[in-house]
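Under full-length UniProt numbering, the first residue of the sequence shown is numbered 1, with each subsequent residue one higher. We treat Cβ as the ideally placed atom computed from N, Cα and C, and that holds for glycine.
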Amino acid sequence: MDRLIDLVVSDLHLGQAPCPISRNFLALLDSVQGQVAHLVIAGDLFEAWLGDDLANAFEHQIAAAIAAVGADQTSFLPGNRDFLIADDWARRADLTIRDQVDLTVSTCPTLITHGDELCLDDEAYQAWRRTCRNPEWQSAFKAQSADQRVAFAAQARAQSQARGGQQESVIADVAQRALGPGNRIHGHTHRPAIHRNGATRVVIGDWRPQAWVFVNDERPHLGLWDHGWQARIDL
1 MDRLIDLVVS DLHLGQAPCP ISRNFLALLD SVQGQVAHLV IAGDLFEAWL GDDLANAFEH
61 QIAAAIAAVG ADQTSFLPGN RDFLIADDWA RRADLTIRDQ VDLTVSTCPT LITHGDELCL
121 DDEAYQAWRR TCRNPEWQSA FKAQSADQRV AFAAQARAQS QARGGQQESV IADVAQRALG
181 PGNRIHGHTH RPAIHRNGAT RVVIGDWRPQ AWVFVNDERP HLGLWDHGWQ ARIDL
């Protein structure tokens, strides 16, 4: 690559042990070392996060690999699964936790978020989001024992899976009224695409273990990564 790139990834949903997705992600990070201006991890890097104090060796390995990219800047945008990632793990990964990132793509200002805040028709989730993003709720949750936090996460996961099977597709997608006039990049919905309706909206894919990620280079595009670049969709 002739110049540094910006790279945006989202929705890996890593567990607590190595897997095909983590190996593919580590291959991506290794391939771009020294070539990234801004690495943006737009949420749901992990399937669940119950507190930095419960992070294991594998999760620390992921942090070290992110730091090893040597990006000029690395940002993490909390997702709906890993919003409890905090300063200790962030220091290990050499990243900054932010609500959003402003990126210039082909001279156009572009807003990057996780994307869950755009799904306004899912009223039950939005109510939960307001609760769990409250600093007082987070402090009280992290003060619980490890066993209590694990039990809570298991119950929440079961409820989420039950709701997901009953939920209409349109409810779980982005509400058009949530979109402003500008360009956007987000993940969360697991529906990779480039939408053009006045403004441009890029949706990053989840990892299966291959994934569509956003590459901001001389020709900005969604790139399909699977231990190497397999395909691309230009903006």
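What does the Cβ neighbour count give for residue i, buried or exposed, with the cut at 16 atoms within 10 Å?
i           : result
residue 216 : buried
residue 178 : exposed
residue 140 : exposed
residue 113 : buried
residue 203 : buried
residue 122 : buried
residue 24  : buried
residue 62  : buried
residue 219 : exposed
residue 232 : exposed
residue 211 : buried
residue 60  : exposed
Once DSSP output is grouped into helix, strand and coil, what is the label at residue i?
i           : result
residue 177 : helix
residue 108 : strand
residue 204 : coil
residue 91  : helix
residue 21  : helix
residue 60  : helix
residue 234 : strand
residue 121 : coil
residue 33  : coil
residue 137 : helix
residue 130 : helix
residue 160 : helix
I'd like to confirm something about residue i: is its beta-carbon nearer than 7 Å to some heavy atom of the ligand SAH, or not?
i           : result
residue 152 : Absent from the structure shown: the ligand SAH. Ligands present: none.
Mind checking whether residue i and residue j have CB atoms under 8 Å apart?
i           : j           : result
residue 75  : residue 43  : no
residue 65  : residue 29  : yes
residue 38  : residue 103 : yes
residue 213 : residue 7   : yes
residue 81  : residue 49  : yes
residue 224 : residue 194 : no
residue 130 : residue 51  : no
residue 101 : residue 77  : yes
Give the straight-line distance between the Cα atoms of residue i and residue j, rounded to the nearest whole angstrom.
i           : j           : result
residue 22  : residue 109 : 31 Å
residue 180 : residue 197 : 12 Å
residue 151 : residue 47  : 15 Å
residue 17  : residue 206 : 18 Å
residue 230 : residue 40  : 21 Å
residue 4   : residue 34  : 8 Å
residue 58  : residue 26  : 12 Å
residue 144 : residue 188 : 28 Å
residue 19  : residue 132 : 28 Å
residue 89  : residue 56  : 11 Å
residue 15  : residue 79  : 15 Å
residue 226 : residue 111 : 26 Å
residue 156 : residue 105 : 37 Å
residue 182 : residue 192 : 19 Å
Do you know whose CA, among the options, lies nearest residue i's CA?
i           : options         : result
residue 146 : 6, 53, 138, 37  : 53
residue 238 : 121, 115, 129   : Any question about residue 238 goes unanswered here, given that the chain covers just 1 to 235.
residue 99  : 123, 199, 186   : 186
residue 96  : 111, 72, 149    : 72
residue 297 : 111, 78, 70, 79 : Residue 297 lies beyond the range of the chain shown here (1 to 235); nothing can be said about it.
residue 176 : 155, 56, 200    : 200
residue 36  : 67, 60, 45      : 67
residue 173 : 182, 126, 222   : 126
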